Amino acid sequence: MIALTVFVLAIFLGFELIAKVPPTLHTPLMSGANAISGVTLVGALSCAYFASWPMLANILGALAVATATVNVVGGFMVTDRMLGMFAGKKKGGK
Amino acid sequence: MVETIASIAYLVAIVLFIIGIKRLGKVRTARSGNGLACLAMLIAILATFALAAKQGVMDWEWIVGGLVAGGVIGLVAAIRVPMTSMPEMVALFNGSGGAASLLVALAVLWPALSPQPVVPAGEQAAPQQWETWEAPKRLYEVHLGNLRASGTAVVPAGGGAVVAPAPESGTDPRVVIATLFLSIIIGGITLTGSFIAYAKLAGKITGDAVTFPGQHALNLILILGMLGLAGYMAYVATDPAMGMTHTLIVMGISLLLGVLLVLPIGGADMPVVISLLNSYSGIAAAMTGFVLGENVLIVSGAMVGAAGLILTNIMCKAMNRSLVSVLLGGFGQTAGTGGNKDDAREYSNVKSIGAEEMGMMLDGISSLIVVPGYGLAVAQAQHAVRELGDLLEAADCTVRYAIHPVAGRMPGHMNVLLAEANIPYEQLVEMDEINSDFKQTDMVIVVGANDVVNPASLDEPDNPLYGMPILNVHEARTVVVIKRSLSPGYAGVRNKLFEADNAMMLFGDAKAVIQDTINEYKENLS
Chain W
534 MIALTVFVLA
544 IFLGFELIAK
554 VPPTLHTPLM
564 SGANAISGVT
574 LVGALSCAYF
584 ASWPMLANIL
594 GALAVATATV
604 NVVGGFMVTD
614 RMLGMFAGKK
624 KGGK
Chain Y
24 MVETIASIAY
34 LVAIVLFIIG
44 IKRLGKVRTA
54 RSGNGLACLA
64 MLIAILATFA
74 LAAKQGVMDW
84 EWIVGGLVAG
94 GVIGLVAAIR
104 VPMTSMPEMV
114 ALFNGSGGAA
124 SLLVALAVLW
134 PALSPQPVVP
144 AGEQAAPQQW
154 ETWEAPKRLY
164 EVHLGNLRAS
174 GTAVVPAGGG
184 AVVAPAPESG
194 TDPRVVIATL
204 FLSIIIGGIT
214 LTGSFIAYAK
224 LAGKITGDAV
234 TFPGQHALNL
244 ILILGMLGLA
254 GYMAYVATDP
264 AMGMTHTLIV
274 MGISLLLGVL
284 LVLPIGGADM
294 PVVISLLNSY
304 SGIAAAMTGF
314 VLGENVLIVS
324 GAMVGAAGLI
334 LTNIMCKAMN
344 RSLVSVLLGG
354 FGQTAGTGGN
364 KDDAREYSNV
374 KSIGAEEMGM
384 MLDGISSLIV
394 VPGYGLAVAQ
404 AQHAVRELGD
414 LLEAADCTVR
424 YAIHPVAGRM
434 PGHMNVLLAE
444 ANIPYEQLVE
454 MDEINSDFKQ
464 TDMVIVVGAN
474 DVVNPASLDE
484 PDNPLYGMPI
494 LNVHEARTVV
504 VIKRSLSPGY
514 AGVRNKLFEA
524 DNAMMLFGDA
534 KAVIQDTINE
544 YKENLS
């Protein structure tokens, strides 16, 4: 029940924080959010070291680690790449 | 001790995620926000590793293998992806996020559902429940409840350590199992749904809405069946041998549903779908958090879910579509698919001009608005457009760019593309701000945009586009549409603008045509 409360509160917090985002940031926000949803990696890591588990569970865990890492690494890097273009341009424009 | 430090580290990560997301919402702070979120992720991962190391032996090869493989793929993708392909990349990333949640849930469920004892010999050996898995409750007791109920791990024989944090004590095991199934279901739908969205965006399959009779009924049956089975597993089932099959059936249905739910959604609605799948991937992460009782996952997943919903809502408004009508799909079913391709041939009163004429027309105008669309990005014409804009500005002409909220193929896509071409931020104007200015504008150049400038959406109630807010370019004195042909846009609807008296078509590849125009214009000046 506490977990559910945390979940609902976090959704409201999310709405409050992101309610007014300029269109320029829609794409970076989405790819950044994407990277953050890669937080599943934390869960995946917990699974990948259930060493006593059957091989198949380990493989599933390792696959989960890999897919989540794609999100984390790729998401943060591509977001930074995009936001870097905005930053550079702002200086150039003024 | 380590547990306390890890808990504090998780809390710090949560706070940093929240600040990071907040800063991502403002242009000036966005980059540091991204950095903070990245730092938060690092802290959470390190804390998890610390917990794991404390618990003893772990299978490093699996983890390192997964981290390296995923890291390399993500790195290469992030560096190499062209900005035009951002929607495809985000779609794929959504999918991999869904896949991760699905896989984690499966990995947790799998040992519990294996018919044979998983833990062989040893002092604390296999709880006998493995053989008589009477109720799903066992799953919780054996695999989640015991694991770290009081912060100490059960170390099964074989040397493995089990450090999955226990859900808060007192949680009904049936709820845990239900959550596991929700994780599988949402993850599965996100995985295949994103893949179909990617295939549509990349043109690997038709962008048209794919519909067939009984589609909604089929989807409804599948959804109810899937939820029913998951509920049965969580609350009624007693036979562990059946568990595996049922889990796989639930997973199979969720994967199938992802395909079936996105197929009927037309290409024009893709920005909505990507936003929604983004939201799903966050909620899937939160579900995984429920399973493992981990607040970092719950909070950050929920915020990603909220962000995705907000963007979904913005996109729906920009297209004057309700979320329900997007999800039910079949956009432009009446005029959208087969029929309108004949329409394209029926255009009359279309005036076509060449670059030479265009160059002359540009001479002496005092205001220009460029309406960029996805076609501009495909032709890589951003830089040519910018050069033309610079030239005209030098001749005292105000140059602005009108950005429709759904220009490009994902929210904010066009802003990113123009930023890449170094077009100054101040020249990009949103639809609501610029729409009243078209009347006083000498010339509008539409580059590779189509549906977002179709006046049919204003006065043709039976047109599929009717009601969608558009850029009122038809009110300008002259409109030049740069386009390859008269073919319909993503929505598959013919464009009334092309026949308007003040509109002219300039056919050809956007980049080449604009380059020619620049040359002609320069020649006129000299």
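Taken in order, these protein sequences are the chains called W and Y. For the first sequence, position 17 matches number 550 in the numbering used here, and the numbering has no gaps at all. For the second sequence, position 368 matches number 391 in the numbering used here, and the numbering has no gaps at all. The C-beta atom is built at its ideal place from N, Cα and C for all residues, glycine as well. The structure presented is a predicted model; accordingly, all values stated were derived computationally and were not measured.
Neighbour list for residue i in chain W, Cβ cutoff strictly below 9 Å
i, result
"L278 (chain Y)", "Result: empty, since nearest Cβ-Cβ is about 15 Å, beyond 9 Å."
"S298 (chain Y)", "H559, M563"
"A32 (chain Y)", "Within chain W, no residue comes near A32 (chain Y); the closest Cβ sits about 11 Å away, beyond 9 Å."
Alpha-carbon spacing of residue i relative to residue j, whole angstroms
i, j, result
"A552 (chain W)", "I333 (chain Y)", "7 Å"
"S30 (chain Y)", "I493 (chain Y)", "51 Å"
"F609 (chain W)", "S564 (chain W)", "7 Å"
"R432 (chain Y)", "L129 (chain Y)", "33 Å"
"I44 (chain Y)", "H436 (chain Y)", "19 Å"
"L250 (chain Y)", "T202 (chain Y)", "12 Å"
"R507 (chain Y)", "F530 (chain Y)", "5 Å"
"S549 (chain Y)", "N542 (chain Y)", "11 Å"
"V282 (chain Y)", "S217 (chain Y)", "9 Å"
"A73 (chain Y)", "T27 (chain Y)", "11 Å"
"T538 (chain W)", "Q403 (chain Y)", "48 Å"
"V476 (chain Y)", "N445 (chain Y)", "25 Å"
"G377 (chain Y)", "M618 (chain W)", "34 Å"
"N318 (chain Y)", "A543 (chain W)", "10 Å"
"A101 (chain Y)", "D485 (chain Y)", "43 Å"
"H406 (chain Y)", "L98 (chain Y)", "27 Å"
"D524 (chain Y)", "A53 (chain Y)", "44 Å"
"P511 (chain Y)", "R409 (chain Y)", "26 Å"
"L247 (chain Y)", "E483 (chain Y)", "39 Å"
"N343 (chain Y)", "G490 (chain Y)", "6 Å"
"N547 (chain Y)", "M381 (chain Y)", "11 Å"
"Y487 (chain Y)", "K519 (chain Y)", "Reading the sequence as shown, one finds Pro at residue 487 (chain Y) and not Tyr. Approximately 13 Å between the Cα atoms of the pair."
"A417 (chain Y)", "R500 (chain Y)", "22 Å"
"D419 (chain Y)", "N458 (chain Y)", "22 Å"
Close beta carbons around residue i, own chain, < 8 Å, minus the five adjacent residues each side
i, result
"E522 (chain Y)", "Y370, S371, N372, V373"
"G331 (chain Y)", "S298, L299, L300, N301, S302, Y303, S304, G305"
"L440 (chain Y)", "M106, T107, P395, L399, A400, Q405, G431"
"V611 (chain W)", "S564"
"V95 (chain Y)", "none"
Under 7 Å by beta carbon: chain W residues contacting residue i
i, result
"S124 (chain Y)", "T573"
"G94 (chain Y)", "T602, V606"
"C61 (chain Y)", "F609"
"N117 (chain Y)", "N567"
"H436 (chain Y)", "T560"
"K45 (chain Y)", "L550"
"L315 (chain Y)", "G576, S579"
Selection from the options that minimises the alpha carbon distance to residue i
i, options, result
"N455 (chain Y)", "Y:G97, Y:A442, Y:P428, Y:R344", "Rather than Asn, the amino acid found at residue 455 (chain Y) in this sequence is Asp. Answer by Cα proximity: Y:P428."
"L280 (chain Y)", "Y:N477, Y:S304, Y:N242", "Y:N242"
"D386 (chain Y)", "Y:A100, Y:W133, Y:L90, Y:Y544", "Y:Y544"
"A601 (chain W)", "W:A568, W:D613, W:R614", "W:A568"
"S304 (chain Y)", "Y:R409, Y:N343, Y:E483, Y:I207", "Y:I207"
"R463 (chain Y)", "Y:V496, Y:E449, Y:Q450", "The question names Arg, yet the displayed sequence has Gln at residue 463 (chain Y). Minimum Cα distance to Q463 (chain Y) is reached at Y:V496."
"M559 (chain Y)", "Y:G316, Y:K49, Y:A309, Y:L315", "The question about residue 559 (chain Y) has no answer, for chain Y in this structure spans 24 to 549."
"M466 (chain Y)", "Y:K227, Y:L271, Y:E380, Y:I388", "Y:I388"
"F540 (chain W)", "Y:G316, Y:V50, Y:P294", "Y:G316"
"R517 (chain Y)", "Y:K534, Y:E546, Y:I537, Y:A472", "Y:A472"
"A430 (chain Y)", "Y:L34, Y:V470, Y:L414", "Y:V470"
"L62 (chain Y)", "Y:L278, Y:V35, Y:L414", "Y:V35"
"M384 (chain Y)", "Y:I200, Y:V95, Y:P236, Y:M527", "Y:M527"
Beta-carbon contacts of residue i that lie in its chain and below 6 Å, excluding the five residues immediately before and after
i, result
"G56 (chain Y)", "G43, R46, L47"
"R614 (chain W)", "none"
"L245 (chain Y)", "I276, L280"
"F548 (chain W)", "none"
Neighbouring residues, chain W, relative to residue i (Cβ below 8 Å)
i, result
"N318 (chain Y)", "A536, V539"
Contact set for residue i: own chain, Cβ-Cβ below 7 Å, skip 5 residues either direction
i, result
"I306 (chain Y)", "I209, G324, G328"
"V322 (chain Y)", "I37, F40"
"V273 (chain Y)", "F204, I207, I208, M249, L252, A253"
Members of the segment 324-353 of chain Y near chain B, C-beta cut-off 7 Å: Among the protein chains of the structure shown, namely W and Y, there is no chain B.
- request: Tell me, please, whether the segment 119-126 of chain Y touches the segment 212-221 of chain Y by the rule of three or more beta-carbon pairs shorter than 8 Å.
  value: yes
message: Three Cβ pairs or more, each shorter than 8 Å: is that satisfied between the segment 110-121 of chain Y and the segment 589-596 of chain W?
response: no
- prompt: Below 8 Å, can you find three or more Cβ-Cβ pairs linking the segment 101-112 of chain Y to the segment 569-580 of chain W?
  reply: no
query: Are there three or more Cβ pairs, one per stretch, closer than 8 Å when the segment 409-427 of chain Y is compared with the segment 343-351 of chain Y?
result: no
- prompt: Is the segment 49-69 of chain Y touching the segment 391-399 of chain Y in the sense that three or more CB pairs, one from each, lie closer than 8 Å?
  reply: no
query: Taking three-plus beta-carbon pairs below 8 Å as touching, is the segment 294-311 of chain Y in contact with the segment 334-344 of chain Y?
result: Contact holds: three or more Cβ-Cβ distances are below 8 Å.
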